[in-house]
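Asks: The listed protein sequences derive, respectively, from chains V and E.
FYI, in my numbering the residues of the first sequence are 665 to 706.
FYI, in my numbering the residues of the second sequence are 28 to 331.
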Amino acid sequence: MIPAEPEIRRRQQSRVRIMGVILAAFAILVFAITIAKMGINR
Amino acid sequence: MTGAASPTLSAGSALPLADWRDLVALTKPRVMSLVVFTAFAAMIAAPAPVHPVLGFTAVLCVALGAGAAAALNMWWESDLDALMARTRNRPIPAGRMSREAALHFGVGLGAFSVLLMGLATNWLAAAILAASILFYVLVYTIWLKRRTPQNIVIGGAAGAFPPLIGWAAATGDIATLPILLFLIVFLWTPPHFWSLALFVRGDYAAAGVPMLPVVAGERTTRIHIMAYAVATVAASLAPVALGLAGPVYAVAAIALGVPFLVFPARVLGGQSNETMAREKRLFAYSILYLFGLFGALIADALLR
């Protein structure tokens, strides 16, 4: 049985939102790692 | 964590897009917490101070790696999970996610965790993390689990890697203490899992998984639990004997170790019954024991 269209739409929206938050957090983490490594190597 | 299927959907439908909560459920977050804690404790106990950001990243990578291994375990074992009441509601057997989605998620998450670990800390920690994921999936899940009652003895090594990873992330090296911590977790795993296997024996038997209580019987399992518990407590005292841990850890190892001998002794003296209360108590205490032991290691390091 194929799920109803609104259910698929709801899942897509929630996954897009979460992926956005994860990518933003990852960008901040990479920035913080870079700063930390620069401090260590100085 | 329970799944998130819509009540309007049939349980057996193959969904084109899994709900994000089912992706989280694939990573077995509750099991992951102990693994992450042992890695964190070893990192704090290491002599080299870790930059907080890099330490956080290392712990995150261990968590993601453990999640990846769990997802790949669920991908491979979906047929077994469907046969056991305890696992029947997991995303794949419940029909909320395809096996392919779990495979892609697990491989992607595992590769990401190893790469991030290597870039943020060092490649020794990344290599041990990769080895632990591969060991759990290839050696334990695919090779041993359906073939031998020693599955969780050998496979238990996978869950014992995190202290090595935490230490390596902090120091870039491996020393005696993390090897002893590996040994403690390795020896602790059989009493932990066999106490669970005793009270869900019927599930394992129905699924055809050759766990020790199914293959060798309850009496043999109880004897094995006692033997491994003695070995675990002995190993937990080794860091004290070698002067690698301080007084807080020493007191905790003794105070927590005594009940870890008493509970298995009660299980050894017990008989099979409906409630399996002694086995359930041992299972619950074994989790507390490892948390307490590694918590004491952290306290010891902070007071150093």
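Virtual Cβ for every residue (Gly too), placed ideally from N, Cα, C.
1) With 7 Å as the C-beta to C-beta threshold (strictly closer), list the residues of the stretch 688-702 of chain V near chain E in chain order.
2) Of all the residues that make up the stretch 146-179 of chain E, which are near chain V by a beta-carbon distance shorter than 7 Å?
3) Please list, in chain order, the residues of the stretch 71-95 of chain E that have any C-beta partner in chain V closer than 9 Å.
4) How long is the line joining the alpha carbons of Val260 of chain E and Ile211 of chain E, rounded to whole angstroms?
5) So which residues of chain E does Gln676 of chain V contact, with C-beta pairs closer than 8 Å?
6) For the alpha helix (DSSP H) holding Phe162 of chain E, just list the boundary residues, first then last.
7) Counting only Cβ-Cβ distances shorter than 9 Å, please list the residues of the stretch 206-230 of chain E near chain V, keeping chain order.
8) Find the nearest neighbour of Asp337 of chain E within the set E:Gly235, E:His251, E:Asn178, judged by alpha-carbon distance.
9) As a quick exercise: from E:Val289, E:Ile155, E:Leu320, pick the residue whose alpha carbon is nearest that of Leu309 of chain E.
10) If the criterion is Cβ atoms closer than 7 Å, does the pair Val164 of chain E and Leu99 of chain E meet it?
11) Mind checking Ile699 of chain V: buried by the 16 CB within 10 Å criterion, or exposed?
12) Compare the beta carbon distance of Trp103 of chain E and Ile155 of chain E with 7 Å and say whether it is the shorter of the two.
13) At what residue ranges does the stretch 263-317 of chain E contain a whole run of the alpha helix (DSSP H), taking only runs of 4 or more?
14) Does Met702 of chain V come out as helix, strand or coil in the three-state DSSP assignment?
15) Does the separation of the CB atoms of Val141 of chain E and Ala128 of chain E fall below 7 Å?
16) Taking only runs of the alpha helix (DSSP H) that begin and end inside the stretch 208-258 of chain E, which ones reach a length of at least 4 residues, in chain order?
Replies: The short version:
1) Going along the stretch 688-702 of chain V in chain order, one finds Leu693, Ala696, Ile697, Ala700 with a Cβ nearer than 7 Å to chain E.
2) Ala147: these are the residues of the stretch 146-179 of chain E whose beta carbon lies less than 7 Å from some beta carbon of chain V, given in chain order.
3) Those would be His78, Pro79, Val80, Leu81, Phe83, Thr84, Leu87, in chain order.
4) Walking along the second sequence from the start, residue 260 of chain E turns up at place 233. Walking along the second sequence from the start, residue 211 of chain E turns up at place 184. Between the C-alpha atoms of Val260 of chain E and Ile211 of chain E there is a straight-line separation of about 8 Å.
5) Mapped onto the first sequence, residue 676 of chain V falls at position 12. In chain order: Leu44.
6) Working through the second sequence from its first residue, we reach residue 162 of chain E at position 135. Counting along the chain, Phe162 of chain E falls outside any alpha helix (DSSP H), and DSSP gives it neither H nor E.
7) Those residues of the stretch 206-230 of chain E that come within reach of chain V (Cβ to Cβ, closer than 9 Å) do not exist; the list is empty.
8) In the structure as shown, chain E begins at 28 and stops at 331. Residue 337 of chain E is therefore absent and cannot be evaluated.
9) Translated into positions along the second sequence, residue 309 of chain E becomes position 282. Of E:Val289, E:Ile155, E:Leu320, the residue nearest in Cα terms is E:Val289.
10) What you label residue 164 of chain E is simply residue 137 of the second sequence in a count that begins at 1. What you label residue 99 of chain E is simply residue 72 of the second sequence in a count that begins at 1. Between Val164 of chain E and Leu99 of chain E, the gap from beta carbon to beta carbon is short of 7 Å.
11) Your numbering for residue 699 of chain V matches position 35 in the first sequence. By the neighbour-count rule (16 or more Cβ atoms within 10 Å), Ile699 of chain V is not buried but exposed.
12) As a position in the second sequence, residue 103 of chain E is number 76, starting the count at 1. As a position in the second sequence, residue 155 of chain E is number 128, starting the count at 1. With contacts defined by Cβ atoms closer than 7 Å, Trp103 of chain E and Ile155 of chain E do not form a contacting pair.
13) Listed in chain order, they are 274-296.
14) Your numbering for residue 702 of chain V matches position 38 in the first sequence. For Met702 of chain V, the secondary structure class from DSSP, reduced to helix, strand or coil, is helix.
15) In the second sequence, the residue the question calls residue 141 of chain E occupies position 114. In the second sequence, the residue the question calls residue 128 of chain E occupies position 101. No, these two residues do not count as a Cβ contact at 7 Å.
16) As far as the stretch 208-258 of chain E is concerned, its whole alpha helix (DSSP H) runs of at least 4 residues are 228-234, 239-242.
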